[in-house]
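Chains C, D, U, A and P supply the protein sequences, listed in that same order.
For the first sequence, this note's numbering assigns the number 1 to the initial residue and increments by one for each residue that follows.
For the second sequence, this note's numbering assigns the number 101 to the initial residue and increments by one for each residue that follows.
For the third sequence, this note's numbering assigns the number 201 to the initial residue and increments by one for each residue that follows.
For the fourth sequence, this note's numbering assigns the number 301 to the initial residue and increments by one for each residue that follows.
For the fifth sequence, this note's numbering assigns the number 401 to the initial residue and increments by one for each residue that follows.
Structure first, commentary second.
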Amino acid sequence: MLMGKVISNVVSTRKYEGLQGYKLLVVRLTHTAEPSYVVAADTIGAGRGEHVLLTTGEPVRYGLHREAPIDMLVVGIIDQEPVFEEAD
Amino acid sequence: MLMGKVISNVVSTRKYEGLQGYKLLVVRLTHTAEPSYVVAADTIGAGRGEHVLLTTGEPVRYGLHREAPIDMLVVGIIDQEPVFEEAD
Amino acid sequence: MLMGKVISNVVSTRKYEGLQGYKLLVVRLTHTAEPSYVVAADTIGAGRGEHVLLTTGEPVRYGLHREAPIDMLVVGIIDQEPVFEEAD
Amino acid sequence: MLMGKVISNVVSTRKYEGLQGYKLLVVRLTHTAEPSYVVAADTIGAGRGEHVLLTTGEPVRYGLHREAPIDMLVVGIIDQEPVFEEAD
Amino acid sequence: MLMGKVISNVVSTRKYEGLQGYKLLVVRLTHTAEPSYVVAADTIGAGRGEHVLLTTGEPVRYGLHREAPIDMLVVGIIDQEPVFEEAD
C-alpha cells in the first residue's frame, strides 16, 4: 500500500454511473521521492488532513461492495504520520 | 484514479478490432511530478480542455460494455481544476 | 494506453513456449518525461518507425488469441505523431 | 518482486475490516533510483531491519489466506543484502 | 515486457511456501531512464550476464505451473543486447 495525506474532496457531477455513491478524495502521496496527487475512493470515512493507506489496482475490488472502475481505495487510517530516520 | 486534462482525439485507422467504437483521447496527466501524456478510452463524453479522472489497469473492465484490451478509461469529469496550496 | 514508436524486432531464440508465434517489437515510449524502451507483442502488423498505442498489464489478455505471459500489446497505429503545444 | 528493508510496523486503528489480522510493515524500497517507502502485509514473520522480497498487485492474492484489498506482500526474506558491483 | 540483465541469484531461506522450487534472479533493468534492480522467477534457465525479457503483474500467472504470489517472470532470453541509435 502507499501512504498519503487526504487533501480535499473531488466534485465530479458527470461521472461513470458505477462511481455514484463513493466518496472520492484527493490524496497527496507521501514518503515518495517526488510528490504527486491521486484520487481514491473512501469507504471508511477518512477526513481532510488524515494520513491514510491506499491500495491500488485490481486488489481494490476486494474492498468494494460492488464491481466498479475504481483503481485506488483508502483502506486504513494511520494513527500517526510515520517519520523515518536517515539511518533507516 | 489519476487526474488529467483532455488534449485532443487520437486518430488510429488501423487498430485492434476490440477498440472499434471507443473514442480515444489524449490526456495530459496533471498533479504529477513530471508531465506525461497517455491515451484513454472515453464513454462519458469528455471534451477538449476538460479535467478528468482516469482509471487504469484491470479495474477498467468494470467500466467497459464488453471486454477489450483497454487499460485507461475516463470515469469522471472534475467540475473544477483542483488547486492545492503548499501547506497541503 | 501509452504512446510509442516502433524501433526494431526482438530476436529471442529461447523463450517461454506461450510466446511462440507472437512478433515482439522494441518500442520507445514517447510523450513521457523520461525516455525508455519496452517490448510489446504485436498482432496488427506495426512496422518500424510507426507510432503505436500500447496496452499494458492484465487488459492485454483481451487482445490475445490465447492466454500467455505477455504484459504489453500494440493495439493501434496512430495515423500521425501527436504534437502538443505548450499551452496544452 | 521488489527488494526492500523493513523499517517499522504501521499502527492503523481504523481500517477496512478485511485487513484485520494482517501485520502491516513499512518497507523502504532498495536498489531503486529513488528511495520511497511502502506498506506491505506480512505473513512470514519479517522483522525490523531485515531485507525482504515484495510482491505487488494482483498476484498478491495467491499469497493471502482470504481475499483482501492488499496490494503488497512480503513473500521472502533475503539472507544477505545484495550488493552489486558497478560492472554489473 | 521490460528488458534487463541477469546479475545473480537470490538466496532466501525463509519464504512463502508457494515460492519454493522457483529460481529467483536479480535482474538489472536496462533501457530505462534510471537503473533499478528487481527479482524475477525464472523457468527457462536464464544465466548470469544474459539479457532477458521480463513480464510483470497479473499476466505472470500464465507462465507459472501453479498459482503463486510472483509478479515478475523471465519469459525470454534476448539473443543480442539491443543497441539503439540516437536517431531512434
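Virtual Cβ for every residue (Gly too), placed ideally from N, Cα, C.
Practice problem: Using the DSSP secondary-structure output, state which residues sit across from V26 of chain C in a beta bridge. | Solution: Stepping through the first sequence from its first residue, residue 26 of chain C is reached at position 26. Paired residues: C:S8, C:V39.
Quiz prompt | Beta carbon proximity, Y362 of chain A to chain C, threshold 7 Å | solution = Taking the fourth sequence and counting its residues from 1, one reaches residue 362 of chain A at position 62. Taking Cβ atoms only, chain C never reaches closer than 7 Å to Y362 of chain A, which makes this a no.
Quiz item: Three or more beta-carbon pairs under 8 Å between the segment 447-454 of chain P and the segment 405-423 of chain P, yes or no?
Solution: yes
Self-check item: Three-state secondary structure (DSSP) of G376 of chain A
Solution: Residue 376 of chain A sits at position 76 when you count from the first residue of the fourth sequence. Note: G376 of chain A maps to strand in three-state DSSP.
Exercise. Tell whether a beta-carbon distance below 7 Å holds between D379 of chain A and V411 of chain P.
Key: In the fourth sequence, the residue the question calls residue 379 of chain A occupies position 79. In the fifth sequence, the residue the question calls residue 411 of chain P occupies position 11. Yes; because the gap between Cβ atoms is below 7 Å, this pair is in contact.
Exercise. List the residues of chain U that H431 of chain P touches, going by C-beta distances under 7 Å, in chain order.
Key: On the fifth sequence, position 31 is the one that residue 431 of chain P refers to. Under the 7 Å cutoff, chain U gives S236, Y237.
Quiz prompt | From U:Y237, U:L253, U:T230, U:E267, residue whose alpha carbon lies closest to that of A140 of chain D | solution = Within the second sequence, the letter at position 40 stands for residue 140 of chain D. Cα-wise, what sits closest to A140 of chain D is U:L253.
Practice problem: Compare the C-alpha of V127 of chain D against each of D:L119, D:G121, D:Q120, D:S136 and name the closest. | Solution: Residue numbering aside, residue 127 of chain D sits at position 27 when the second sequence is read from its first letter. If we check each option's Cα against that of V127 of chain D, D:S136 comes out closest.
Self-check item: Span of the beta strand (DSSP E) around V352 of chain A
Solution: Position 52 of the fourth sequence, counted from the first residue, corresponds to residue 352 of chain A. That run of the beta strand (DSSP E) goes 351-356.
Exercise. Return helix, strand or coil for L119 of chain D, following the three-state DSSP convention.
Key: For the purposes of this step, residue 119 of chain D is taken as residue 19 along the second sequence, with counting starting at 1. L119 of chain D: helix per DSSP, three-state reduction.
Quiz item: Nearest chain U C-beta to P159 of chain D closer than 7 Å, yes or no?
Solution: Position 59 of the second sequence holds residue 159 of chain D. With 7 Å as the cut-off, P159 of chain D does not count as an interface residue toward chain U.
Practice problem: Let me know if A168 of chain D comes out buried or exposed under the rule of 16 or more other beta-carbons within 10 Å of its beta-carbon. | Solution: Residue 168 of chain D sits at position 68 when you count from the first residue of the second sequence. Buried, by the Cβ-count rule.
Practice problem: At 7 Å on the CB atoms, spell out the chain C contacts of T313 of chain A, in chain order. | Solution: Translated into the one-based positions of the fourth sequence, residue 313 of chain A becomes position 13. The contacting residues are D79.
Quiz prompt | Closest residue to K99 of chain C among D:G163, D:E181, D:E158, D:D171 (Cα-Cα distance) | solution = This structure does not reach residue 99 of chain C, given that chain C is present from 1 up to 88, and the question cannot be answered.
Quiz item: What in chain D is Cβ-close to V26 of chain C, meaning under 7 Å?
Solution: For this step, residue 26 of chain C is matched to residue 26 along the first sequence. Neighbours of V26 of chain C on chain D, chain order: P182.
Quiz item: Mind checking if I444 of chain P is an interface residue toward chain U, Cβ cutoff 7 Å exclusive?
Solution: Position 44 of the fifth sequence, counted from the start, is the residue given in the question as residue 444 of chain P. Yes, contact with chain U.
Exercise. Report the option in U:M201, U:T256, U:G257, U:M272 whose CA atom is closest to the CA atom of K123 of chain D.
Key: Residue numbering aside, residue 123 of chain D sits at position 23 when the second sequence is read from its first letter. Of U:M201, U:T256, U:G257, U:M272, the residue nearest in Cα terms is U:M201.
Quiz item: Going by other Cβ atoms of all chains shown within 10 Å of its Cβ, with 16 needed for buried, is T456 of chain P buried or exposed?
Solution: Position 56 of the fifth sequence, counted from the start, is the residue given in the question as residue 456 of chain P. By the neighbour-count rule (16 or more Cβ atoms within 10 Å), T456 of chain P is buried.
Quiz item: So what's R387 of chain P in DSSP terms, helix, strand or just coil?
Solution: Because chain P is modelled from 401 through 488, residue 387 of chain P falls outside the range shown and cannot be assessed.
Self-check item: Cα-Cα separation between D371 of chain A and E358 of chain A, rounded to whole angstroms
Solution: Position 71 of the fourth sequence, counted from the start, is the residue given in the question as residue 371 of chain A. Position 58 of the fourth sequence, counted from the start, is the residue given in the question as residue 358 of chain A. Taking the straight line joining both Cα atoms gives about 7 Å.
Quiz item: Since M303 of chain A sits in a beta bridge, which residues does DSSP pair it with?
Solution: Indexing the fourth sequence from 1 puts residue 303 of chain A at position 3. M303 of chain A is bridged to A:L353.
Self-check item: Closest Cα partner of H465 of chain P within the set P:V483, P:L419, P:T413
Solution: Counted from its first residue, the fifth sequence places residue 465 of chain P at position 65. Ranking the options by Cα distance to H465 of chain P, first place goes to P:L419.
Quiz item: Any beta-carbon of chain A closer than 7 Å to the one on G18 of chain C?
Solution: As a first step, residue 18 of chain C is located in the first sequence; it is residue number 18 there, counting from the start. Closer than 7 Å: no.
Quiz item: What residues match up with R114 of chain D in a beta bridge as DSSP calls it?
Solution: In the second sequence, the residue the question calls residue 114 of chain D occupies position 14. DSSP lists U:I277 as partners of R114 of chain D.
Exercise. Could you tell me whether any Cβ in chain U is nearer than 7 Å to the Cβ of E167 of chain D?
Key: Translated into the one-based positions of the second sequence, residue 167 of chain D becomes position 67. Judged by the 7 Å Cβ criterion, E167 of chain D is in contact with chain U.
Practice problem: Taking only beta-carbon positions, decide if M122 of chain C is within less than 7 Å of chain D. | Solution: Residue 122 of chain C is absent from the model: chain C starts at 1 and stops at 88.
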